[in-house]
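Chemist: Got a structure for you, written out below as structure tokens; questions coming shortly.
Protein chains: 2
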Amino acid sequence: MIKTISWDRGAVVMIDQRALPHEERYITCREYREVIDAINDMTIRGAPAVGIAAAMGIALGALNLPGKQLKEDFYSICDAFSRTRPTAVNLFWAIDRMKSRFEKEFASTPNIKAAAVKKALTEEALRILEEDVRANRQMGIHGKRLIKDGDTILTHCNAGALATGGYGTALGVIRAAHEEGKKIHVLVDETRPLLQGARLTAWEMKNEGIPATLITDSMAGSFMKRGMVNLVIVGADRIAANGDVANKIGTYSLAVLAKANRVPFYVAAPISTIDRHTRTGNEIPIEERKEKEVLRFHGTKIAPGGFNAYNPAFDVTPNRYITAIITEKGIITAPFLKGFKESGSQGFE
Amino acid sequence: MIKTISWDRGAVVMIDQRALPHEERYITCREYREVIDAINDMTIRGAPAVGIAAAMGIALGALNLPGKQLKEDFYSICDAFSRTRPTAVNLFWAIDRMKSRFEKEFASTPNIKAAAVKKALTEEALRILEEDVRANRQMGIHGKRLIKDGDTILTHCNAGALATGGYGTALGVIRAAHEEGKKIHVLVDETRPLLQGARLTAWEMKNEGIPATLITDSMAGSFMKRGMVNLVIVGADRIAANGDVANKIGTYSLAVLAKANRVPFYVAAPISTIDRHTRTGNEIPIEERKEKEVLRFHGTKIAPGGFNAYNPAFDVTPNRYITAIITEKGIITAPFLKGFKESGSQGFE
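Line order of the protein sequences matches chains H and X.
Heads up: the first sequence runs through residues 734 to 1082, numbered per my numbering.
Heads up: the second sequence runs through residues 734 to 1082, numbered per my numbering.
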């Protein structure tokens, strides 16, 4: 199994996703700032994986603090992580979990030793990782019944083992169907500008032996029109309380095209991706990344010198385009707010 | 003005579109087979430009034939051009024009000298070039009234001077609005896999001083949803008699997204792109190009080794998604068959 991120004796180890699929190399972060850099430069990406990285980074930062500074500096470490990437809510959710654990330790044992708090924080980060993998497996169990033998499934970006603690959200569902013996075929959107589909999803599919074919993002609609796509499954970076979904740029287009062609459109995401504080997709901040990611293709300049580009990393798909959201608690359909409440999702009770 | 293709004392000179935007170099074809290679390897591309190249290539092939072989070999030269690219109808239209001229010369002067036929064929090829530029200017005059001051226009691929004899179809309309002093902004779809938007349209916009910004194909829908696109204008490779349009892969998706967001969707193309023999878009053959165009970029592999890709170069947009077709004869709206007839388009009378 792919080791996206792990904790190794006081260090955070990650596979370097910028080097994939050509090179499988790992980086070891011994300072929390290195974890921040890894999130910023996309060494690690994918909403759940970024949440786990932040949790481990906070645990690492706390571990390296002199005991007497722990109380003073813990929150500034958390703040540094919260400034990395604005859209995926799993990041903020993970930071909040680490803060809660920190506060709970002090509340339960007023004279607690710094070492014990540090140990608790490491424990919490590892728990977040384990819970994520378990949630993905559950999503797979729920979601695989939406896939029929012989189906062709379109996916966008990478919502796989590399985007999570392991197994994956959208790709977890696909994996589960494959493991069950269903004959499936995956159409992989290359996902410009950073090519997470061509580089990462293709790599995961190949490693797993799941039949898959690469297409450019612009081809997806045409394949739907030609009846060559049975369903679409994507991940999510933030789901608003009404079921609007922020995900990798291009997701909205796929959803509109799926509806126009009567192709079911599924989102697979853990409950931690649902943000009850965001009422609708309009409130989700969309990260604007550097122009050069668009002006260059895999490092090669493609546009004329001095040309401008826009680079929003995400878009928002209105809930009306979403057939169902696959979570570890089950498959939720519209009206989503009601579904989130009934599933017992955190904060919706 | 950009010299996409020209006739220079018994040779066909073209700008090498594979080298743009980084290098402005020209190739000179002295044998018709070199023109065929240039069409096949995308040195020259764009439906009207390919038609002109074929016409000039046929004239060149005829010119190089010994007089006594002219009658015998002329048709095999034409056939060789007809096997280059299957989708754009302008190619077949131009070949037919050359054949008609060839036959007309023999019919009008039974004992005509080979030299006179060769001269007539060169004349015909140059006439096709001139007519194309004139048609583009007319499209500009008709189409510019669809553009309002302050509009942002989305375009896909390159339907510019480089895709035609000069001036352009979709970009011709944009040029005309700009020349009239309208303040416009162009969103340029990069157009994977061959990046004609990022490389060619961006280059034309920059040369012309028309404000423009590059986006990935996957962003277009999101910008429409955010209200940042006032209209879409694209070119066409073949228009069926019912108004269905074959154009660069990704066009269909834009049309569906435009309709979903109530953004007008215009196609600009000369009458020679309308194929009365093709009743609907279903009958248009779609060229499938090599996988490596998707798997690689500028020689750099992006997907894992051994991974497969699909590479349909075009898609078909059903007529119901098209607000209007801008031709040199005027702006034609649905029902298109009736509009084509009323415009006096060739063969529809």
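Cβ coordinates follow ideal geometry from the N, Cα and C atoms, glycine included.
Note down, one range per segment and in chain order, each alpha helix (DSSP H) of at least 4 residues found wholly within the stretch 985-1059 of chain X.
Modeler: You should have 1025-1028.
Chemist: Look at the alpha carbon of Asp863/X and the alpha carbon of Gly898/X, and state the distance between them as a whole number of angstroms.
Modeler: Locating residue 863/X in the second sequence gives position 130, where the first residue counts as 1. Locating residue 898/X in the second sequence gives position 165, where the first residue counts as 1. Checking the displayed sequence, the identity of residue 863/X turns out to be Glu instead of Asp. Distance between the alpha carbons of Glu863/X and Gly898/X is about 7 angstroms.
Chemist: Using a Cβ distance threshold of 8 angstroms, determine whether the stretch 773-785 of chain X contacts the stretch 999-1011 of chain X, with at least three qualifying pairs required.
Modeler: Result yes; three or more Cβ-Cβ pairs closer than 8 angstroms.
Chemist: Is the beta carbon of Arg1109/X less than 9 angstroms from the beta carbon of Ala894/X?
Modeler: Given that chain X is displayed from residue 734 to residue 1082, the structure contains no residue 1109/X and the question cannot be resolved.
Chemist: Taking Cβ-Cβ distances shorter than 7 angstroms, what residues in chain X pair up with His1031/H?
Modeler: Locating residue 1031/H in the first sequence gives position 298, where the first residue counts as 1. In chain order: Phe1030, Thr1033 and Ile1035.
Chemist: Quick one: is Gln750/H buried, meaning 16 or more other Cβ sit within 10 Å of its Cβ, or exposed?
Modeler: Taking the first sequence and counting its residues from 1, one reaches residue 750/H at position 17. The residue is buried, with at least 16 neighbouring Cβ atoms inside 10 Å.
Chemist: Check the Cβ of Ile982/H against every Cβ in chain X and list those closer than 8 angstroms, keeping chain order.
Modeler: For this step, residue 982/H is matched to residue 249 along the first sequence. What Ile982/H touches in chain X: Thr949, Ser951, Met952 and Ser955.
Chemist: Based on Cα-Cα distance, which residue from Gln929/X, Val996/X and Lys939/X lies nearest to Met961/X?
Modeler: Position 228 of the second sequence, counting from 1, holds the residue named residue 961/X. Of the candidates Gln929/X, Val996/X and Lys939/X, the one whose C-alpha sits nearest the C-alpha of Met961/X is Val996/X.
Chemist: Along chain X, which residues have their Cβ under 8 angstroms away from the Cβ of Ser986/H?
Modeler: Within the first sequence, residue 986/H is the residue found at index 253, counting from 1. Going along chain X in sequence order, the residues near Ser986/H (Cβ under 8 angstroms) are Ser951, Ala953, Gly954, Ser955, Ser986 and Leu990.
Chemist: Return the chain-ordered list of same chain residues with a C-beta closer than 6 angstroms to the C-beta of Ala744/H, the five sequence neighbours on each side being excluded.
Modeler: As a first step, residue 744/H must be located in the first sequence, where it is residue number 11. Only Thr761 and Arg763 meet the Cβ criterion.
Chemist: For the structure I just gave you, are there three or more beta carbon pairs, one from the stretch 852-861 of chain H and one from the stretch 933-947 of chain H, closer than 8 angstroms?
Modeler: Short answer: they don't touch.
Chemist: Candidates Thr1060/X, Leu1070/X, Phe1073/X and Gly1072/X: which alpha carbon is nearest Arg867/X's?
Modeler: Reading the second sequence from its first residue, position 134 is the one you call residue 867/X. When each option's Cα is compared against that of Arg867/X, the closest is Thr1060/X.
Chemist: DSSP beta-bridge partners for Leu803/H?
Modeler: Here residue 803/H corresponds to residue number 70 of the first sequence, with the count starting at 1. Leu803/H is not bridged to any residue.
Chemist: Counting Cβ pairs closer than 8 angstroms, one from the stretch 1007-1022 of chain H and one from the stretch 907-923 of chain X, do we hit at least three?
Modeler: Contact fails: fewer than three Cβ-Cβ distances are below 8 angstroms.
Chemist: Within 10 angstroms of the Cβ of Asp865/X, are there 16 or more other Cβ atoms? Answer buried if so, exposed if not.
Modeler: For the purposes of this step, residue 865/X is taken as the residue at position 132 of the second sequence. With 16 or more other Cβ atoms within 10 Å, it is buried.
Chemist: Could you tell me the alpha carbon to alpha carbon distance between Val746/X and Ala771/X, rounded to whole angstroms?
Modeler: Against the second sequence, residue 746/X aligns to sequence position 13. Against the second sequence, residue 771/X aligns to sequence position 38. Near 11 angstroms, if we compare the C-alpha coordinates of Ala771/X and Val746/X.
Chemist: So, Ala849/X versus Glu838/X, is the Cβ gap smaller than 9 angstroms?
Modeler: The count along the second sequence starts at 1 and reaches residue 849/X at position 116. The count along the second sequence starts at 1 and reaches residue 838/X at position 105. Cβ atoms of Ala849/X and Glu838/X: closer than 9 angstroms.
Chemist: With a cut-off of 9 angstroms, does the C-beta of Thr946/X fall near any C-beta of chain H?
Modeler: The residue labelled residue 946/X in the question sits at position 213 within the second sequence. Answer yes: the Cβ-Cβ gap between Thr946/X and chain H drops below 9 angstroms somewhere.
Chemist: Going by the CB atoms, is the gap between Asp970/X and Thr820/X shorter than 9 angstroms?
Modeler: As a working mapping, residue 820/X is identified with position 87 in the second sequence. As a working mapping, residue 970/X is identified with position 237 in the second sequence. Yes, Cβ-Cβ distance for Thr820/X and Asp970/X is below 9 angstroms.
Chemist: Rounded to whole angstroms, what's the CA-CA distance from Gly914/X to Ile735/X? Just pull it up for me.
Modeler: Walking along the second sequence from the start, residue 914/X turns up at place 181. Walking along the second sequence from the start, residue 735/X turns up at place 2. Rounded to the nearest angstrom, the two C-alpha atoms are 21 angstroms apart.
Chemist: With 16 other CB atoms within 10 Å as the buried threshold, where does Arg742/H fall?
Modeler: Position 9 of the first sequence, counted from the first residue, corresponds to residue 742/H. Result: exposed.
Chemist: How about Tyr1043/H and Phe998/H: are their beta carbons less than 9 angstroms apart?
Modeler: As a position in the first sequence, residue 1043/H is number 310, starting the count at 1. As a position in the first sequence, residue 998/H is number 265, starting the count at 1. No.
Chemist: With burial defined as no fewer than 16 other Cβ atoms inside 10 Å of the residue's Cβ, what is the status of Gln802/H: buried or exposed?
Modeler: What you label residue 802/H is simply residue 69 of the first sequence in a count that begins at 1. Flag for Gln802/H reads exposed.
Chemist: Kindly indicate which three-state DSSP category Met747/H falls into: helix, strand or coil?
Modeler: The residue given as residue 747/H occupies position 14 in the first sequence. Strand.
Chemist: Between the alpha carbons of Ala813/X and Ile769/X, how many angstroms are there, rounded?
Modeler: Position 80 of the second sequence, counting from 1, holds the residue named residue 813/X. Position 36 of the second sequence, counting from 1, holds the residue named residue 769/X. The alpha-carbon atoms of Ala813/X and Ile769/X are separated by roughly 8 angstroms.
Chemist: DSSP on Cys811/X, reduced to helix/strand/coil?
Modeler: Counted from its first residue, the second sequence places residue 811/X at position 78. Here Cys811/X sits in helix by DSSP.
Chemist: Which residues of chain X have a Cβ atom closer than 9 angstroms to the Cβ of Arg925/H, listed in chain order?
Modeler: Your numbering for residue 925/H matches position 192 in the first sequence. Within chain X, the residues near Arg925/H are Glu923, Arg925, Thr949, Asp950, Ser951 and Met952.
Chemist: By the DSSP assignment, the beta strand (DSSP E) with Thr902/X in it spans what residues?
Modeler: To locate residue 902/X, count along the second sequence from 1; it is residue 169. Note, Thr902/X: premise wrong, no beta strand (DSSP E); not H, not E.
Chemist: Quick one: does Asp1096/H have its CB under 9 angstroms from some CB of chain X?
Modeler: In the structure as shown, chain H starts at 734 and stops at 1082, and residue 1096/H therefore has no counterpart that could be examined.
Chemist: Determine whether the beta carbon atoms of His911/H and Ile948/H lie at a separation below 9 angstroms.
Modeler: Here the question's residue 911/H lines up with position 178 in the first sequence. Here the question's residue 948/H lines up with position 215 in the first sequence. Their beta carbons are not under 9 angstroms apart, which means His911/H does not touch Ile948/H by this criterion.
Chemist: Give me the Cα-Cα distance between Asn823/H and Gly784/H, rounded to the nearest whole angstrom.
Modeler: As a first step, residue 823/H must be located in the first sequence, where it is residue number 90. As a first step, residue 784/H must be located in the first sequence, where it is residue number 51. Going by the C-alpha atoms only, they are around 5 angstroms apart.
Chemist: Span of the beta strand (DSSP E) holding Thr885/H?
Modeler: Taking the first sequence and counting its residues from 1, the one referred to as residue 885/H is at position 152. Element bounds for Thr885/H: Thr885 to Thr888.
Chemist: Is Leu990/X near Lys958/X, with beta carbons less than 9 angstroms apart?
Modeler: Position 257 of the second sequence, counted from the first residue, corresponds to residue 990/X. Position 225 of the second sequence, counted from the first residue, corresponds to residue 958/X. The answer is yes: Cβ separation under 9 angstroms.
Chemist: Cβ of Asp950/X within 9 angstroms of Cβ of Arg925/H?
Modeler: Indexing the second sequence from 1 puts residue 950/X at position 217. Indexing the first sequence from 1 puts residue 925/H at position 192. Cβ distance < 9 angstroms, so Asp950/X and Arg925/H count as in contact.
Chemist: Helix or strand or just coil, what does DSSP make of Asn940/X?
Modeler: Counting from 1 along the second sequence, the entry for residue 940/X is found at position 207. Reduced to three states, the DSSP call for Asn940/X is helix.
Chemist: Looking at the structure shown, is Thr817/X part of a helix, part of a strand, or coil, going by DSSP?
Modeler: If you number the second sequence from 1, residue 817/X lands on position 84. Note: Thr817/X maps to coil in three-state DSSP.
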